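Here's the structure, in structure tokens; my notes come after.
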């Protein structure tokens, strides 16, 4: 139920009422219209997390990169520990 | 960056698993709250990657599983006796109530429909003004904004033929309830990344401090869950009990303010029952009085919806609290299968029993 998947915004339909803001989001080839009311900062090309037809967050590329960087540092730290043995 | 493959990379997973092995010195019990994470854990075989000293306890975060049988009975009655069109998410159809499931009702002629989004149900009501359309709105905090939006929009459009049965649950009171009951040892938690995407993580800080349990807000991919476990055991080994945010690419400290505002507009916190667990104070959402006209139970005069189904051999309550695992149930994979479920955890795509039935190698194979 809390299943939510990332997809990339292809186009945005702005509206006078912010609650009616929608867009087309691409999920690895499958495209759907989704609600964008809660991600006012999201622009075309951004990735969003979509749950039951609505985006609930805009994914932050810098934070994602930081998480991936942590894995690289972990790898180096483990390598260093191994070479000390 | 496509936000999926990068977080499933097996070589990175090996590194994080090695780091967990390097840091763990004794037994730790960690509960993942969300059923989506339970499925990912079993599907990716994460328990085979981590040290045997790290025990993963599956939590109650499956809204299909914790929706009381009385709510399902109410939905069946509204569809069957009041000839309303009953819309809900696909997982709800097979869940047994005391008088059968919604799927049984549909087989007997009731108009029961699966929708992908609550707005589809509301749109159906707008297109068919002569028909009563009822949406069975289940979920945790993640789903509350979308369900709130359907009700909010229905009121704005003046729809009189749309109503909802609300079966909404909140995670923090469930964590507190599990810790207070003391029935199962839990040293730390993986909090649900999408719940916190909506709500933020600040309300977990007093829980971590009061009960001295680390809480790590965690995502749903292989690497997310492994890193969540690593951060949690690292805190435990160092004697810390903080709230950490592993899923920072989606979760901000304050959550999603726009979505939260709508939830607060439409819903209020109430006390109510969880299937298999019982009543938990301040753990559910109900409609605010300004939206009472959209309450389907009131509209169709259904008073009693808190009763429980007799569970027979099903041990769903213990499964949901983490005090038993699916293979511990005598009915698992035998009398109880996804095609013939005795309890909701075997039905839902977030139920622990369903996950074990589909993926687990340490339980009885389905055809044995």
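Chains as they are written, first to last, in my numbering: chain A, 575 to 659; chain B, 58 to 425.
Each residue gets a CB set at the ideal place from its N, CA and C atoms; glycine is no exception.
Since the model is a prediction, treat every value here as computed from it, not as a measurement.
The Cβ atoms of residue 257(B) and residue 311(B) lie closer than 7 angstroms to each other. Listed in chain order, the non-local C-beta contacts of residue 294(B) below 6 angstroms within the same chain comprise 80, local neighbours out to five positions each way being set aside.
Look at residue 96(B) here: in three-state DSSP terms it is helix. Interface with chain A (7 angstroms Cβ-Cβ cutoff): residue 95(B) is excluded.
Closest option to residue 292(B), judged by alpha-carbon separation, among 72(B), 82(B) and 183(B): 82(B). Beyond the five residues adjoining it in sequence on each side, residue 610(A) comes within less than 7 angstroms, by CB distance, of 586, 595, 596, 597, 616 and 629 in the same chain, given in chain order. For residue 640(A), the secondary structure class from DSSP, reduced to helix, strand or coil, is helix. Per DSSP, residue 156(B) lies in no alpha helix (DSSP H) and is assigned neither H nor E.
Apart from sequence neighbours up to five positions away, the residues of its chain that approach residue 188(B) with a beta-carbon distance below 7 angstroms are 142 and 218, ordered along the chain. With a cut-off of 8 angstroms on Cβ pairs, the segment 248-255 of chain B is not in contact with the segment 342-352 of chain B, counting fewer than three such pairs. A direct Cα-to-Cα measurement between residue 308(B) and residue 223(B) gives close to 26 angstroms. Taking 7 angstroms as the cut-off, the Cβ atoms of residue 377(B) and residue 388(B) do not count as close.
Bridge pairing for residue 226(B): 341(B) [DSSP]. In this structure, DSSP gives residue 124(B) a state outside helix and strand, which the three-state scheme calls coil. In the three-state reduction of the DSSP assignment, residue 405(B) falls in the coil class, being assigned neither a helical nor a strand state. The beta carbon of residue 292(B) does not come within 7 angstroms of any beta carbon belonging to chain A, so the residue lies off that interface. In the DSSP assignment, residue 203(B) falls within the unbroken alpha helix (DSSP H) covering 201-214. Residue pairing by DSSP places residue 621(A) opposite 582(A) in a beta bridge. A straight line joining the alpha-carbon of residue 245(B) with that of residue 185(B) spans about 50 angstroms. Nearest CB-CB separation between residue 149(B) and chain A: not below the 7 angstroms threshold. Residue 88(B) is not a Cβ neighbour of residue 408(B), given a cutoff of 7 angstroms. For the segment 226-309 of chain B, the full-length beta strand (DSSP E) segments reaching 3 residues or more read 245-249, 272-275 and 300-302 along the chain. In this structure, DSSP gives residue 62(B) a helical state, which the three-state scheme calls helix. By the criterion of a C-beta distance shorter than 8 angstroms, residue 235(B) is surrounded in its chain by 88, 116, 117, 241, 243, 378 and 379, once the five residues flanking it on both sides are discounted. Residue 149(B) counts as buried, since no fewer than 16 other beta carbons sit within 10 angstroms of its beta carbon. Among the bridge pairs identified by DSSP, residue 192(B) is matched with 144(B) and 221(B).
Taking 7 angstroms as the Cβ-Cβ cut-off, the segment 59-76 of chain B approaches chain A at 60, 61, 63, 69, 72, 73, 75 and 76, given in chain order. Among the residues facing chain A, residue 82(B) is not included, as its CB has no counterpart in that chain under 7 angstroms away. Under the Cβ criterion of 7 angstroms, residue 601(A) is not counted among the residues facing chain B. At least one CB of chain A lies nearer than 7 angstroms to the CB of residue 313(B). CA-CA distance, residue 414(B) to residue 112(B), rounds to 19 angstroms. Under a 10 Å Cβ-count criterion, residue 147(B) is classified as exposed, with fewer than 16 other Cβ atoms of the shown protein chains found around its own Cβ. For residue 330(B), the pairing in a beta bridge is given by DSSP as 336(B). With 16 or more other Cβ atoms inside 10 Å of its own Cβ, residue 581(A) counts as buried. Between residue 194(B) and residue 225(B) the beta-carbon gap is near 7 angstroms, inside 8 angstroms, which marks them as a contact. Residue pairing by DSSP puts residue 89(B) in a beta bridge opposite 115(B) and 247(B).
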